[in-house]
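Chemist: In my numbering, the protein residues as written are 225 to 382.
1) Assuming residue 368 contacts residue 296 under a Cβ cut-off of 8 Å, what Cβ separation, rounded to an integer in Å, is found between them?
2) What is the rounded straight-line gap between the Cα of residue 358 and the Cα of residue 274?
3) What first and last residue would you give for the alpha helix (DSSP H) that runs through residue 264?
4) For residue 372, collect the residues of the same chain with a Cβ closer than 7 Å to its Cβ; drop the 5 residues on either side in sequence, then sort them by chain order.
5) CB residue 304 to CB residue 374, shorter than 8 Å?
6) Which one of 286, 270 and 326 has the shortest CA to CA distance from residue 348?
7) Identify whether residue 380 lies in helix, strand or coil by the three-state DSSP scheme.
In structure tokens, the structure reads:
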């Protein structure tokens, strides 16, 4: 009888373990790192598009601050969010091992990612330091970076 109780428990445990393995395999498939140059370029494209969006939104915050449509305290929060999101996008991309033949793509994304995060950090620092004129000036200075990000996004499109 005791062996029957063990086998009765073993079956649900085995089914649960099998279901967990299937779930893990499905999740791995959905979040697995890119394996081909095409997949890597797709990740690069998405990362650059995200960075372009963060930089454009930061420019918008600076413009609203300049026009008096947004107070410095609100702008500060928005800029901190833009910097955080850009930092995370770059971190995720740089965690991927580039496939053979994708080193130049990685260098381009990493370089623009570093420039973007640094520029957004400078905006956030100026806002937190209570220097709205500097926020506005640095926001205008983001135009060139925006153009570079848009060009790179088009260039790495798969």
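C-beta atoms are modelled at their ideal positions from N, C-alpha and C, and glycine is treated no differently.
Modeler: In terms of the structure at hand:
1) With a Cβ gap of about 24 Å, residue 368 and residue 296 do not count as contacting.
2) Whole-angstrom Cα-Cα distance: 24 Å.
3) Run containing residue 264: 261–291, per the alpha helix (DSSP H) assignment.
4) Excluding the 5 residues flanking it on each side, residue 372 has same chain C-beta neighbours closer than 7 Å at 336, in chain order.
5) In this structure, residue 374 does not lie closer than 8 Å to residue 304 by Cβ.
6) Residue nearest to residue 348 within the set 286, 270 and 326 is 286 (criterion: CA-CA distance).
7) DSSP places residue 380 in coil when its eight states are reduced to three.
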